[in-house]
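Read the structure below first, then the notes.
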Amino acid sequence: MAVNEPLPGTSDLWEPETLDWITLENAARDVFHRYGYGELRTPIFERTDVFVRNLGNETDVVQKEMYTFEDRGGRSLTLRPEGTAGVIRAIAFKGLEQGEESRVFYFGPMFRGERPAAGRRRQFHQIGVEAVGNESPWMDAEVIAMLSQFLEHIGVTGGHVMVNSRGLPEDRPRVSQALKDYFSRFAGDMCEDCQRRLETNVWRMLDCKNPACHEIALGAPNIVDLLGDDSKMFFSKVCQGLKDLGVEFELAPRLVRGLDYYIHTVFEITHSGLGAQDALAGGGRYRITLPGGKKPVEGIGFAAGMERLLLARQSLGMVPPEVHEADVYVVSLGEEAVLPGLQLAQRLRENTACRVKADFSARSLKAQMRSANKCGAKVVLMQGSQELADGVVICRDMVAASQETLPVEQALAWAMAHC
Ligand code: HAM
């Protein structure tokens, strides 16, 4: 690894890529605001128990992937591996009255110690939403519709919405037993993780990526068939809501999702442009006991991986916009022209959104013009001692390769019109 290379699974992001990131964030703000969600920013690190308690001890994230460290005060802290747990902690801290709702969205870096691959990073970024305190199945349909609208807004077509239900906690013993009965017949042919999961988390055997395990899971009982009436009714309303809102979706009987907090609806959106890591976004309904709270609260939310959204856009031919370091380059010939050149640049910046760069080097005309070209400038404004004495500026149109000399005020107007 070269000395200054970022650590595996992390990247430096430069323009024009960063402009694409801003596009995603702005589109998310635009769409989520329409549904009454407000932006929340939570800390990047939290007490470790915030994640362990909410995500579940047996999950891959908690067992193998968290970046956990002790701070100088001996507290165990963790870099957030996902956004939901911190959002729930923040809502608990603010206080949620009985019957009150909170609808928030968030962006930001998340950290998981996974093996880096295309679309799988150790520092990655999520755009997520959480609607906490609403127990209606229509809410689930609306959240999934909102995610679909967001994807459409950023031009990501061709995503597959897959939906399943995990039912209520009271359904679990029955479903777990049926899954155990089924999988124990094949345990010897399954991967080591699945053999462990048979005892610790049999549901995860349904979505193991190992080909042999997947083959076996295809014959497993369908969770939804095993759920109680209340859970079945809830799920059928979610599906009805999706149909009525015009969201195309597929039932995915083996979708269980990797985090333990889910009840009822779970969903994922996959995209064929992503390769092996094909989940663009995932989410579901959860029931979490807020720290200090007596009654658990329910919420529903999702998170989309920003790197994966960008990969999907690329697979559809959307590339970052072309940008120039500068639209206008101010060349100053001789020391005495440097400060007036800087003033010209400043006036342009106060009056336009153009990118303006002033050259303070007092180098030769040739050297400064070379830099102007390298920046991709469309316009060069030039002054030397003669122009300063005459109160004029040489205005060069780099695209047309022509130039004219204009009084300062006119030169500024000319530059604004040409950049
Ligand atoms: P998740 O499925 O673990 O769910 O992650 C959501 C999305 O984050 C994935 O679909 C993927 O696009 C992206 N992602 C996850 N891990 C990586 C990685 N290592 N590299 C790149 N992208 C990644 C959650 O995080 C839940 N908190 C979602 C949720 C919100 N459920 C309810 N509310």
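Be aware that the sequence shown starts at 440, since it is given in this note's numbering, and climbs by one per residue. We put the beta carbon where it would ideally sit given N, CA and C, even for glycine. The model shown is predicted, which means the values in this text are computed figures rather than measured ones.
Original post:
Is any heavy atom of the ligand HAM found at a distance shorter than 7 Å from the C-beta of Gly-773?
Top reply: With a threshold of 7 Å, the Cβ atom of Gly-773 does not count as near the ligand HAM, since no heavy atom of the ligand is closer than that.
Original post:
Can we count Tyr-725 as close to the ligand HAM, meaning its CB is less than 7 Å from some heavy atom?
Top reply: Tyr-725 Cβ: within cutoff of the ligand HAM.
Original post:
Taking DSSP as the reference, what is the three-state secondary structure of His-383?
Top reply: Outside the displayed span of the chain (440 to 858) sits residue 383, for which this structure offers no information.
Original post:
By the 10 Å Cβ neighbour count, where 16 or more other Cβ atoms means buried, how is Gly-756 classified, buried or exposed?
Top reply: Exposed, since its Cβ has fewer than 16 Cβ neighbours within 10 Å.
Original post:
Can you list, in chain order, the stretches of the alpha helix (DSSP H) that have 4 or more residues and sit fully within the segment 743 to 821?
Top reply: Correct list: 745 to 754, 774 to 790 and 804 to 814.
Original post:
Who are Ala-835's beta bridge partners in DSSP?
Top reply: As written in the sequence, residue 835 is Arg, which differs from the Ala given in the question. Val-819 and Gln-842.
Subject >> DSSP-derived helix/strand/coil call for Leu-864 >> reply: No answer is possible for residue 864: the residues shown for the chain start at 440 and end at 858.
Original post:
In or out: Pro-846 buried (at least 16 other Cβ within 10 Å) or exposed?
Top reply: So Pro-846 ends up on the exposed side.
Subject >> Of the listed residues Arg-560, Leu-665 and Ala-580, nearest to Glu-609 (C-alpha basis) >> reply: Here the closest residue by C-alpha is Leu-665.
**OP:** Tell me whether the beta-carbon of His-592 lies closer than 8 Å to the beta-carbon of Val-470.
**Re:** Taking the C-beta atoms as reference points, Val-470 is found nearer than 8 Å to His-592.
Subject >> Helix, strand or coil at Val-571 [DSSP, three-state] >> reply: Here Val-571 sits in strand by DSSP.
Original post:
Do Glu-646 and Gly-495 have their CB atoms nearer than 8 Å?
Top reply: Per the sequence presented here, residue 646 reads as Asp, with Glu not at that position. In this structure, the beta-carbon distance from Asp-646 to Gly-495 does not fall below 8 Å.
**OP:** Entirely within the segment 477 to 535 and at least 3 residues each: give me those beta strand (DSSP E) ranges in chain order.
**Re:** Runs of the beta strand (DSSP E) inside the segment 477 to 535: 484 to 486, 506 to 509 and 515 to 518.
**OP:** Use the C-beta contact count for Pro-482: other C-beta atoms within 10 angstroms, 16 or more gives buried, fewer gives exposed.
**Re:** Pro-482 comes out exposed.
Subject >> Collapsed DSSP secondary structure at Ser-604 in the structure displayed >> reply: If DSSP states are grouped into helix, strand and coil, Ser-604 belongs with the strands.
Original post:
Would the beta-carbon of Val-695 fall within 8 Å of that of Arg-788?
Top reply: Going by beta carbons, Val-695 and Arg-788 fall outside the 8 Å limit.
Original post:
Looking only at its own chain, which residues have a Cβ that is under 8 Å from the Cβ of Glu-464, when we skip the five neighbours before and after it?
Top reply: Excluding its 5 nearest sequence neighbours in each direction, Glu-464 has C-beta neighbours in its own chain below 8 Å: Phe-546 and Ile-566, listed in chain order.
**OP:** Below 8 Å on the Cβ atoms is my guess for Gly-522 versus Ala-765; work out the distance and round it to an integer in Å.
**Re:** Your pair Gly-522 and Ala-765 does not check out as a contact, with CB atoms roughly 37 Å apart and the cut at 8 Å.
Subject >> Close beta carbons around Leu-618, own chain, < 6 Å, minus the five adjacent residues each side >> reply: Closer than 6 Å at Cβ, skipping near neighbours: Val-641.
Original post:
Is Arg-747 near the ligand HAM, judged by its Cβ being under 7 Å from some heavy atom?
Top reply: Between the ligand HAM and Arg-747, a heavy atom-to-CB distance of less than 7 Å is present.
**OP:** Assess, as a yes-or-no matter, whether the segment 818 to 837 is touched by the segment 765 to 785 under the definition of 3 or more beta carbon pairs within less than 8 Å.
**Re:** Judged by Cβ distances under 8 Å, the segment 765 to 785 makes contact with the segment 818 to 837, as three or more pairs qualify.
Subject >> Separation of Ala-584 from Leu-684, as counted between CA atoms >> reply: If you take the alpha carbons of Leu-684 and Ala-584, they lie about 7 Å apart.
**OP:** To the nearest angstrom, report how far apart Lys-796 and Arg-802 are at their CA atoms.
**Re:** Whole-angstrom Cα-Cα distance: 15 Å.
Original post:
Exposed or buried, which one is Gln-822 when buried takes at least 16 other CB atoms within 10 Å?
Top reply: Buried.
Original post:
Under three-state DSSP, which class holds Ala-557?
Top reply: In this structure, Ala-557 counts as coil in the three-state DSSP scheme.
Original post:
For His-703, which residues from the same chain have a beta carbon less than 6 Å from its beta carbon, with the 5 sequence-adjacent residues on both sides left out?
Top reply: So the qualifying residues of the chain are Ser-604, Phe-673 and Arg-724.
Original post:
Does the beta carbon of Glu-737 fall short of 7 Å from some heavy atom of the ligand HAM?
Top reply: For Glu-737, the shortest separation between its Cβ and any heavy atom of the ligand HAM does not lie below 7 Å.
Subject >> Where Leu-479 falls, given that 16 or more other Cβ within 10 Å makes a residue buried >> reply: Of the other Cβ atoms in all chains shown, 16 or more fall within 10 Å of the Cβ of Leu-479; this residue is therefore buried.
Original post:
Cβ of Val-571 within 8 Å of Cβ of Val-736?
Top reply: Yes, they are a contact pair.
**OP:** Identify every run of the beta strand (DSSP E) within the segment 674 to 715, keeping only runs that are complete inside it and at least 3 residues long; order them along the chain.
**Re:** Secondary structure in the segment 674 to 715: the beta strand (DSSP E) runs of 3 residues or longer, each lying completely within the stretch, are 701 to 709 in chain order.
Original post:
Would DSSP call Phe-416 helix, strand or coil?
Top reply: Because residue 416 is not part of the residues shown, which for the chain are 440 to 858, the question remains open.
Original post:
Does DSSP put Ser-670 in a helix, a strand or coil?
Top reply: It is helical.
Original post:
Helix or strand or just coil, what does DSSP make of Leu-446?
Top reply: Leu-446: coil per DSSP, three-state reduction.
Original post:
For Val-832, does the count of other Cβ atoms within 10 angstroms reach 16, so buried, or fall short, so exposed?
Top reply: Flag for Val-832 reads buried.
Original post:
Can we count Leu-750 as close to the ligand HAM, meaning its CB is less than 7 Å from some heavy atom?
Top reply: Between the ligand HAM and Leu-750, a heavy atom-to-CB distance of less than 7 Å is absent.
Subject >> Test item: CB-CB of Leu-772 and Leu-804 under 8 Å >> reply: Contact annotation: Leu-772 and Leu-804 have beta-carbon atoms nearer than 8 Å.
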